[in-house]
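In our numbering, the protein residues as written are 482 to 681. Ideal Cβ positions, reconstructed from N, Cα and C, are used throughout, including at glycine. Remember, predicted model here, so these are calculated numbers, not experimental data. Just below is one structure, and these are the notes that go with it.
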């Protein structure tokens, strides 16, 4: 049996390879486009793959709504590009704007499931915005288990800053510069998405 494993995470890819190697010859690759070319080439040469395994991300929530607040254009676009793949994503450039959008969405009956806040922003920083978000949830008597997940995005790694975020009510934090895998792991940890290897 000839098996192709497509997964951009090295650890996950190797784990799948070890598991599937008992069933036959395994080839692993990280890039999806290269995998497609390899699949076509094998088919043309008359040695097609019998099974292709691709790591899939799927939402626990049917329509995952995500709010990103970051005043840095590049960082904001990078996060939005990734998050667009897992749900409906809206990006703003200040903590004050994030708070207003968050409140409006809740009152409209379309609350966000995840908020990603940069710590250093104009008008209102991430910690202030987080504090206001938690206060708003308290006023609306939202149960703890149903409150929005908040991940802080920061260039700071000092314990004092992180402690402030935790005390303000964040669920987790990511340090800049971040990679796609880091954000995915945080979302997995918060139960917003699952990873499911499936044959394709």
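Buried or exposed by the 16-neighbour rule on C-beta atoms within 10 Å, applied to residue i
i: residue 627; result: exposed
i: residue 522; result: exposed
i: residue 475; result: Since the displayed the chain opens at 482 and closes at 681, residue 475 lies outside it and no answer follows.
i: residue 545; result: buried
i: residue 530; result: buried
i: residue 580; result: buried
i: residue 482; result: exposed
i: residue 554; result: exposed
i: residue 501; result: buried
i: residue 513; result: exposed
i: residue 578; result: buried
i: residue 491; result: exposed
Residues near residue i by beta carbon distance below 6 Å, same chain, minus five either side
i: residue 649; result: 608, 611, 612
i: residue 634; result: 597, 599, 655
i: residue 516; result: 487, 510
i: residue 489; result: 511
i: residue 604; result: 575, 577
Segment limits, beta strand (DSSP E) that includes residue i
i: residue 425; result: The requested residue 425 does not occur in the structure, where the chain is confined to residues 482 to 681.
i: residue 597; result: 595-599
i: residue 611; result: Unbroken run through residue 611 is the alpha helix (DSSP H), 607-620; no beta strand (DSSP E).
i: residue 487; result: 483-487
Presumed contact (8 Å Cβ cut-off) between residue i and residue j, rounded CB distance
i: residue 631; j: residue 596; result: 5 Å
i: residue 653; j: residue 625; result: Contact doesn't hold; Cβ gap of about 16 Å is too wide.
i: residue 657; j: residue 556; result: 7 Å
i: residue 486; j: residue 505; result: Not really, about 12 Å apart at Cβ, beyond 8 Å.
i: residue 575; j: residue 616; result: The pair is not a contact, with the Cβ atoms about 18 Å apart (cut-off 8 Å).
i: residue 563; j: residue 496; result: Contact flag wrong, Cβ pair sits at about 23 Å.
i: residue 614; j: residue 629; result: 7 Å
i: residue 533; j: residue 524; result: Not a contact, Cβ separation roughly 11 Å.
Span of the alpha helix (DSSP H) around residue i
i: residue 644; result: 640-649
i: residue 628; result: Run containing residue 628: none; DSSP gives neither H nor E here.
i: residue 509; result: Not the alpha helix (DSSP H): residue 509 falls in the beta strand (DSSP E), residues 506-510.
i: residue 559; result: 554-564
i: residue 604; result: Note, residue 604: premise wrong, no alpha helix (DSSP H); not H, not E.
i: residue 582; result: 576-588
Check: residue i C-beta below 8 Å from any heavy atom of the ligand HEM
i: residue 517; result: Looking for the ligand HEM in the displayed structure turns up nothing, as the structure carries no ligands at all.
Close-in-space but distant-in-sequence residues of the same chain around residue i (CB under 8 Å, 5 per side omitted)
i: residue 476; result: Nothing about residue 476 can be reported from this structure: the residues present for the chain run from 482 to 681 only.
i: residue 602; result: 550, 551, 552, 574, 575, 576, 610
Given residue i as reference, the closest of the options once Cα atoms are compared
i: residue 619; options: 584, 589, 639; result: 584
i: residue 659; options: 636, 513, 495; result: 636
i: residue 663; options: 565, 560, 578; result: 560
i: residue 623; options: 638, 588, 526, 647; result: 588
Residues near residue i in its chain [Cβ-Cβ closer than 7 Å; skip 5 each side]
i: residue 507; result: 484, 486, 498, 501
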